[in-house]
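**Q**
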Amino acid sequence: MLTPFSDFVTFFAAVVRSYLPFILVFSLVCALWKRGESPRAHLRLVVLVVVAALCGVSAAKLAITTKYFSEFSLFLSFFLPLFGLLTFLASFLKRRTLTEGVFYLVVVPFLLLLSVRSAVDLWIFIADEALTATSVVNTTLIVNGGALLTGFSVVVLLGILFTVFFNRLSLAAARILFVLFYLLLAVQWLADIFINLIRLDYLKASRGLISYVAKAHDLLVLWNYIFFALAAAVVFLFYLRRHRGVSRRQRDLLSEPERRKRTKYKLVDKRYMTAVVSFLLLGVIAQAWYDIVVASPPELSPAIPVEVGEDGRVRIKIADINDGHLHRYSYITSDGYRVRFFIIQRYADSSKYGVVFDACQICGDDGYIESNNNVICIACNVSIFIPSIGKPGGCNPIPFASTTTSDEIVIEQSELEDGANYFSEKVEIMVSDPVTGAQISNLAAPYHYSYKGHEFSFESEESMKTFINEPESYTSVGRRSVRIDGYKE
């Protein structure tokens, strides 16, 4: 569960991340095709882009409902690089009457497709993260809605500022930037084309294709920062080039009005540059917070090792666990498995406790964490109703028998041994070969054999075969429980 601040940063970063590439390309297209026109002249294009985004999200919902989303994604990924290339080539046209027609036949469709792609990516992220868990107005909805509104406000302001800057670039520089942005975007478009063709069985999966798709996906995090850095670098380099220093002799040759004019331009451009870099820095900080804090995998709290008494029982004092929080412990089984379990007070100021393995029949042994007074299954992110902990079923942790007295919880060693097969972590301990009695490492032993859910280690193949033929002659262990269904990586 996230804090309100992390929630805000998550949705704010999602908007800026999804729309920054679009804003950069949109501003460049305006510089290439609508140079010198006022921002009001772009209003019709902006309206078309917004309408396209809304229609694109509706189409994506329909595609998911009808199970045609892969085809929908393939359509976008195929036509985006095609129209992008045509847009670049068409920027070299000279005749005014011809360029107007090409603008609406080639450039506008490219921008509309890019707008749809950005909107769909953002919509999918919002759907996965859940804007709110209820259908009524609550704090979560207000925080997340405010984050989206703030994000779109920053995106619009960046669009205006970038349009001003790009309009002052030469056509050659604008084309170079367009190619650079196009190539960066094409890496992801091509990966999407491959993965959708594979999903639809139009293309046979190969090691090279899967490797490319995986690397392109892994580069998404770096890709976001590249766009932030590139956008800031463009503005900064433009400022340096436009206002590079002049010699004293050149300054003396300038008239006073010309010097004042240059000073004015420099101050205005500096303010624009400062505003752009500030907004981009805000986006970078939000994205970094999301990557480092929000999106980082949750970590289990340390498990306290328990010791078994001479009577074969583990005793945990009530005074150590009656605070309503999750208390995690660990026990090493006779064959070296680390069994984690936790205890939690099910109701405030009560003597009822949930004593359970830190594992799930469905999700495996990823474990559970406590966050904002909730117990959450790490594997599936399901929040567990705390009073139900200790009862089997669903995604609840696996319960086991224990006894609660007035001052302690008593757990039989056999109950912890029985949980070995719910966990995969093994530690090195010294065990005995059940046939020869020799002391060997459970991890270094050359031969192993599982019997009734217990793993036995052997120093030789001969002793293992002897055990397999007559296991009852060498051990009297009972059968351990096993996890027969559920998630496994």
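According to our numbering, the sequence shown holds residues 342 to 830 in order.
We put the beta carbon where it would ideally sit given N, CA and C, even for glycine.
1) Of the choices S347, A460, R540 and V447, whose alpha-carbon is the least far from that of K408?
2) Count the other CB atoms within 10 Å of the CB of Q529; is the residue buried (16 or more) or exposed (fewer)?
3) Given a cut-off of 8 Å on the beta-carbon distance, is the pair I710 and P775 in contact?
4) Give the DSSP bridge partners of C701, in chain order.
5) Measure the Cβ-Cβ separation of G338 and I730 and say whether it is below 8 Å.
6) Do the CB positions of V697 and P738 come within less than 8 Å of each other?
7) Alpha carbon to alpha carbon, what distance is there between A629 and G827?
8) Please determine if the region 637-652 and the region 665-679 are in contact, where contact requires at least 3 C-beta pairs separated by less than 8 Å.
9) Whose C-alpha, out of C704, V398, S691 and S755, is nearest the C-alpha of I727?
10) Quick one: Cα of V647 to Cα of F682, how far?
11) Can you tell me which of the three DSSP states N294 falls into?
12) Sort out for me which residues DSSP pairs E749 with in a bridge.
13) Identify whether Y606 lies in helix, strand or coil by the three-state DSSP scheme.
14) Provide the residue span of the alpha helix (DSSP H) that contains Y360, from first to last.
15) What residue ranges within the region 484-543 form continuous alpha helix (DSSP H) runs of no fewer than 4 residues, ordered along the chain?
16) Just to confirm before moving on: does the CB-CB distance between I719 and G708 stay below 8 Å?
17) Locate the beta strand (DSSP E) running through H795, then write down its first and last residues.
18) Taking buried to mean at least 16 other C-beta atoms within 10 Å of its own C-beta, is A431 buried or exposed?
19) Does the count of Cβ pairs from the region 538-554 and the region 606-620 closer than 8 Å reach three?
20) Which value, in whole angstroms, describes the spacing of the CA atoms of I684 and I662?
21) Relative to the C-alpha of C701, which residue among R687, Y688, V716 and K693 is closest?
22) What would DSSP say about P639, mapped onto helix, strand or coil?
23) Identify every residue that forms a DSSP beta bridge with F419.
24) With distances taken Cα to Cα, identify the nearest neighbour of A742 among G735, G734 and S755.
25) For S414, which residues in the same chain have their Cβ closer than 7 Å to its Cβ, ignoring the five residues on either side in sequence?
26) Going by alpha carbons, who is nearest to I501 out of P740, F367, L784 and N479?
27) Need the endpoints of the alpha helix (DSSP H) that V457 sits in, please.
28) Report yes or no: do three or more beta-carbon pairs, one from the region 455-472 and one from the region 343-358, lie closer than 8 Å?
29) Note down the Cα distance separating L361 from P422, rounded to an integer number of angstroms.
30) Quick one: using the 10 Å Cβ neighbour count with 16 as the cut-off for buried, is S456 buried or exposed?
31) Would you mind giving the Cβ-Cβ distance between E800 and A779, rounded to the nearest angstrom? I have them listed as a contact below 8 Å.
32) For the alpha helix (DSSP H) containing I809, list its first residue and its last residue.
33) Given a cut-off of 8 Å on the beta-carbon distance, is the pair A401 and V496 in contact?
34) Does the Cβ of M805 have 16 or more other Cβ atoms within 10 Å, making it buried, or fewer, making it exposed?
35) Within 10 angstroms of the Cβ of R820, are there 16 or more other Cβ atoms? Answer buried if so, exposed if not.
36) Can you tell which of D706, S637, R612 and I750 has the C-alpha that lies nearest to the C-alpha of K658?
**A** Here's the rundown:
1) Locating residue 408 in the sequence shown gives position 67, counting from the first residue. The shortest Cα separation from K408 among S347, A460, R540 and V447 belongs to R540.
2) Taking the sequence shown and counting its residues from 1, one reaches residue 529 at position 188. Label assigned to Q529: buried.
3) Position 369 of the sequence shown, counted from the first residue, corresponds to residue 710. Position 434 of the sequence shown, counted from the first residue, corresponds to residue 775. Cβ atoms of I710 and P775: not closer than 8 Å.
4) Reading the sequence shown from its first residue, position 360 is the one you call residue 701. Partner(s): G705 and P738.
5) What the structure shows of the chain is the stretch from 342 to 830, and residue 338 is not part of that stretch, so it cannot be assessed.
6) If you number the sequence shown from 1, residue 697 lands on position 356. If you number the sequence shown from 1, residue 738 lands on position 397. Between V697 and P738, the CB-CB gap stays under 8 Å.
7) By 1-based counting over the sequence shown, the position of residue 827 is 486. By 1-based counting over the sequence shown, the position of residue 629 is 288. Any answer about G827 is weak, because its pLDDT of 42 lies below 50 and its placement is not dependable; what the coordinates show is given next. Rounded to the nearest angstrom, the two C-alpha atoms are 34 Å apart.
8) yes
9) Taking the sequence shown and counting its residues from 1, the one referred to as residue 727 is at position 386. The residue among C704, V398, S691 and S755 with its C-alpha nearest the C-alpha of I727 is S691.
10) For the purposes of this step, residue 647 is taken as residue 306 along the sequence shown, with counting starting at 1. For the purposes of this step, residue 682 is taken as residue 341 along the sequence shown, with counting starting at 1. Near 10 Å, if we compare the C-alpha coordinates of F682 and V647.
11) The chain is shown only over 342 to 830; residue 294 falls outside these bounds and no answer can be derived.
12) The residue you call residue 749 lines up with position 408 of the sequence shown. Paired residue(s): K658.
13) Along the sequence shown, one-based indexing puts residue 606 at 265. Looking at Y606 - three-state DSSP - the assignment turns out to be helix.
14) Position 19 of the sequence shown, counted from the start, is the residue given in the question as residue 360. Residues P345 to W374.
15) 512-540
16) Against the sequence shown, residue 719 aligns to sequence position 378. Against the sequence shown, residue 708 aligns to sequence position 367. Against a cut-off of 8 Å, the Cβ pair of G708 and I719 comes out as a contact.
17) On the sequence shown, position 454 is the one that residue 795 refers to. Looking at the DSSP string, the run of the beta strand (DSSP E) that includes H795 is H795 to F799.
18) Position 90 of the sequence shown, counted from the start, is the residue given in the question as residue 431. Label assigned to A431: buried.
19) no
20) Position 343 of the sequence shown holds residue 684. Position 321 of the sequence shown holds residue 662. For I684 and I662, the distance between alpha carbons rounds to 7 Å.
21) Walking along the sequence shown from the start, residue 701 turns up at place 360. Comparing Cα positions, the closest option is V716.
22) Position 298 of the sequence shown holds residue 639. Coil at P639, not helix or strand.
23) Residue mapping note: residue 419 aligns to position 78 of the sequence shown, counting from 1. None, per the DSSP bridge assignment.
24) One-based indexing of the sequence shown puts residue 742 at position 401. Among G735, G734 and S755, the Cα nearest to that of A742 is on S755.
25) Working through the sequence shown from its first residue, we reach residue 414 at position 73. Excluding positions up to five away in sequence, the list reads D533 and N537.
26) Residue numbering aside, residue 501 sits at position 160 when the sequence shown is read from its first letter. For I501, the nearest C-alpha among the options comes from F367.
27) Stepping through the sequence shown from its first residue, residue 457 is reached at position 116. Per DSSP, V457 belongs to the alpha helix (DSSP H) from V449 to E470.
28) yes
29) Taking the first residue of the sequence shown as 1, we reach residue 361 at position 20. Taking the first residue of the sequence shown as 1, we reach residue 422 at position 81. Near 18 Å, if we compare the C-alpha coordinates of P422 and L361.
30) Numbered from its first residue, the sequence shown carries residue 456 at position 115. With 16 or more Cβ atoms within 10 Å of its Cβ, S456 is classed as buried.
31) If you number the sequence shown from 1, residue 800 lands on position 459. If you number the sequence shown from 1, residue 779 lands on position 438. Indeed they touch by this definition, with Cβ atoms about 5 Å apart.
32) Position 468 of the sequence shown, counted from the first residue, corresponds to residue 809. Residues E802 to N810.
33) Taking the sequence shown and counting its residues from 1, one reaches residue 401 at position 60. Taking the sequence shown and counting its residues from 1, one reaches residue 496 at position 155. Going by C-beta atoms, A401 is not nearer than 8 Å to V496.
34) Translated into the one-based positions of the sequence shown, residue 805 becomes position 464. Result: buried.
35) Counting from one through the sequence shown, the residue named residue 820 turns up at place 479. It counts as exposed.
36) Numbered from its first residue, the sequence shown carries residue 658 at position 317. When the alpha-carbon of K658 is set against those of D706, S637, R612 and I750, the nearest one is in I750.
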